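Novice: Residue numbers (our numbering), protein chains in the order written: chain A, 35 to 228; chain B, 35 to 228. Even glycine gets a Cβ: it sits at the ideal position worked out from N, Cα and C. Since the structure is predicted, the reported quantities are computational estimates derived from the model, not experimental observations.
Number of protein chains: 2
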Amino acid sequence: MLTAKQKNVLIFLRQRIRSGLPPTIREIAQEFKVSSTGTVRDYLKALCTKGYIILSEKKSRAIELTEKAMLNIPIIGQVPAGVPVLAVENVEDYFNVDKLFAQQDELFFLRVKGDSMIGVGIMPDDLVLVKKQPIARDGDMVVCRIDGEVTVKTLRNKDKCFYLQPENKNYSIIPLTENSQIVGKVITAVRKYV
Amino acid sequence: MLTAKQKNVLIFLRQRIRSGLPPTIREIAQEFKVSSTGTVRDYLKALCTKGYIILSEKKSRAIELTEKAMLNIPIIGQVPAGVPVLAVENVEDYFNVDKLFAQQDELFFLRVKGDSMIGVGIMPDDLVLVKKQPIARDGDMVVCRIDGEVTVKTLRNKDKCFYLQPENKNYSIIPLTENSQIVGKVITAVRKYV
DNA sequence: TGACATTCCACACGTTTGTGTGGTATTATG
DNA sequence: CATAATACCACACAAACGTGTGGAATGTCA
Numbered sequence: 035m036l037t038a039k040q041k042n043v044l045i046f047l048r049q050r051i052r053s054g055l056p057p058t059i060r061e062i063a064q065e066f067k068v069s070s071t072g073t074v075r076d077y078l079k080a081l082c083t084k085g086y087i088i089l090s091e092k093k094s095r096a097i098e099l100t101e102k103a104m105l106n107i108p109i110i111g112q113v114p115a116g117v118p119v120l121a122v123e124n125v126e127d128y129f130n131v132d133k134l135f136a137q138q139d140e141l142f143f144l145r146v147k148g149d150s151m152i153g154v155g156i157m158p159d160d161l162v163l164v165k166k167q168p169i170a171r172d173g174d175m176v177v178c179r180i181d182g183e184v185t186v187k188t189l190r191n192k193d194k195c196f197y198l199q200p201e202n203k204n205y206s207i208i209p210l211t212e213n214s215q216i217v218g219k220v221i222t223a224v225r226k227y228v
Numbered sequence: 035m036l037t038a039k040q041k042n043v044l045i046f047l048r049q050r051i052r053s054g055l056p057p058t059i060r061e062i063a064q065e066f067k068v069s070s071t072g073t074v075r076d077y078l079k080a081l082c083t084k085g086y087i088i089l090s091e092k093k094s095r096a097i098e099l100t101e102k103a104m105l106n107i108p109i110i111g112q113v114p115a116g117v118p119v120l121a122v123e124n125v126e127d128y129f130n131v132d133k134l135f136a137q138q139d140e141l142f143f144l145r146v147k148g149d150s151m152i153g154v155g156i157m158p159d160d161l162v163l164v165k166k167q168p169i170a171r172d173g174d175m176v177v178c179r180i181d182g183e184v185t186v187k188t189l190r191n192k193d194k195c196f197y198l199q200p201e202n203k204n205y206s207i208i209p210l211t212e213n214s215q216i217v218g219k220v221i222t223a224v225r226k227y228v
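What follows is the structure, encoded as structure tokens:
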């Protein structure tokens, strides 16, 4: 529903906000070569009523992007033969990088050592993105401290007891004792190339 | 070299900048309960001369973090027994999410179908982060169009010819013909849980 | 001890910036 | 066709904001 002008303004806002300093009304006017601040306010009002931005009163540069306006990296799904790969129809979902930012203090990457999780495709030296939390549920992949050692395992809850289950037949199940502590939950596995 | 006060100010700045709107001098004063704007300017000058922030003149909220001050998601490496997991000493590197942003238009995720790359730990339904580029080098993992079909394979260059090599013994090597086109290069593999 | 950085204060000046009013012309939209 | 939304303008006002001056207390380090 955005006009071409509004779309361009939104792109500019996104760019500037991401760079760390949202623009003032007059900076937007300069960017789009309009001589009146009233014109820019028309833009912003339109984007505001359409739900793309939120404005705070009497604060400089106070332009906030809504979830709707956030730019995400597209996830391309199954691509039928003969169709351009990056066509809009193929976009299955979006990977929201902005959200990663928001909870940054809660996250860390852990480099996996050993092959105890190779059964689920996690190889030695892979990175797992861990969300810090002291508890987890049955089936969650967790990072755990056992007597000072740190391991990645699948958490299992059987007969009112918790167990750490490796995803490799060469390793055995470890019961979760008082000396153990769940550091966090694996939410993503990442392997970087090059 | 930062004093406790300066460190706290920097943490506050980082928080506010990441949230999208850097604070004004008076907002900083309010946060730290000092009644003079001059005091805050002292803080900022110190952080500036020590190389943590960059200030622009006569612009509101114009506080920029330097690379030195940027907070990235820490990558935790090998953790020896008895040491807290998240201790600073264990930080192996940082995953710079800011850099992902910069080249956002060049990136997309592709959901992998099939098990032709299972030999390198890429499983069906995994996501690969692809950087758009029409050429690649021997050994690069690439996304390729062959007669309209899209596949992920390893690129091989032998005897002046290019081949697409699956990482699974059940599949065979495919020569790169004129009907084929390299869409981009896989730079990261990602698997999301939950 | 002396030079220096740090951490605070008060107050005033001038620019930046958001706000508001009142227009006009063009382009949807039902 | 009429109403609404859009896209522009000029100008003025008040609040927000960065800047500057001058001072004082404290701690650091050679």
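Residue 226 (chain A) to residue 222 (chain B), Cα distance in whole Å?
Specialist: The straight-line gap from Cα to Cα measures roughly 4 Å.
Novice: Applying the criterion that 16 or more other CB atoms from any shown protein chain within 10 Å of the CB defines a buried residue, is residue 170 (chain A) buried or exposed?
Specialist: Buried, because 16 or more other Cβ atoms sit within 10 Å of the Cβ of residue 170 (chain A).
Novice: CA-CA distance, residue 184 (chain A) and residue 172 (chain B)?
Specialist: Roughly 37 Å separates the two Cα atoms.
Novice: Residue 210 (chain B) by DSSP, collapsed to three states: which one?
Specialist: In this structure, residue 210 (chain B) counts as coil in the three-state DSSP scheme.
Novice: List the residues of chain B whose Cβ lies closer than 7 Å to the Cβ of residue 227 (chain A), in chain order.
Specialist: Those are 175, 220, 221, 222, listed as they occur along chain B.
Novice: In chain A, which residues lie with their C-beta within 8 Å of the C-beta of residue 98 (chain B)?
Specialist: Per Cβ cutoff of 8 Å: 54, 55.
Novice: Is residue 77 (chain B) helix, strand or coil by DSSP?
Specialist: Of the three classes helix, strand and coil, the one that applies to residue 77 (chain B) here is helix, per DSSP.
Novice: Determine, using beta carbons only, whether residue 157 (chain B) comes closer than 7 Å to chain A.
Specialist: Yes - at least one Cβ of chain A is within 7 Å of the one on residue 157 (chain B).
Novice: How about residue 154 (chain A) and residue 201 (chain A): do their beta carbons lie closer than 7 Å?
Specialist: Yes; because the gap between Cβ atoms is below 7 Å, this pair is in contact.
Novice: Would you say residue 171 (chain B) lies against chain A (beta-carbon separation less than 7 Å)?
Specialist: With 7 Å as the cut-off, residue 171 (chain B) does not count as an interface residue toward chain A.
Novice: Between residue 115 (chain B) and the rest of its own chain, which residues show a CB-CB distance below 6 Å, the 5 nearest in sequence each way excluded?
Specialist: In this prediction, residue 115 (chain B) has a pLDDT of 46, which is less than 50 and means its spatial position is unreliable; what the coordinates show is noted afterwards. So the list is empty, once near-sequence residues are dropped.
Novice: What is the DSSP secondary structure of residue 5 (chain B), counted as helix, strand or coil?
Specialist: Nothing about residue 5 (chain B) can be reported from this structure: the residues present for chain B run from 35 to 228 only.
Novice: In whole angstroms, what separates the C-alpha of residue 199 (chain B) from that of residue 204 (chain A)?
Specialist: Answer to the nearest angstrom: the Cα atoms are 30 Å apart.
Novice: With burial defined as no fewer than 16 other Cβ atoms inside 10 Å of the residue's Cβ, what is the status of residue 35 (chain A): buried or exposed?
Specialist: Residue 35 (chain A) should be labelled exposed.
Novice: Within the continuous beta strand (DSSP E) that includes residue 183 (chain B), where are the two ends?
Specialist: Run containing residue 183 (chain B): 183-192, per the beta strand (DSSP E) assignment.
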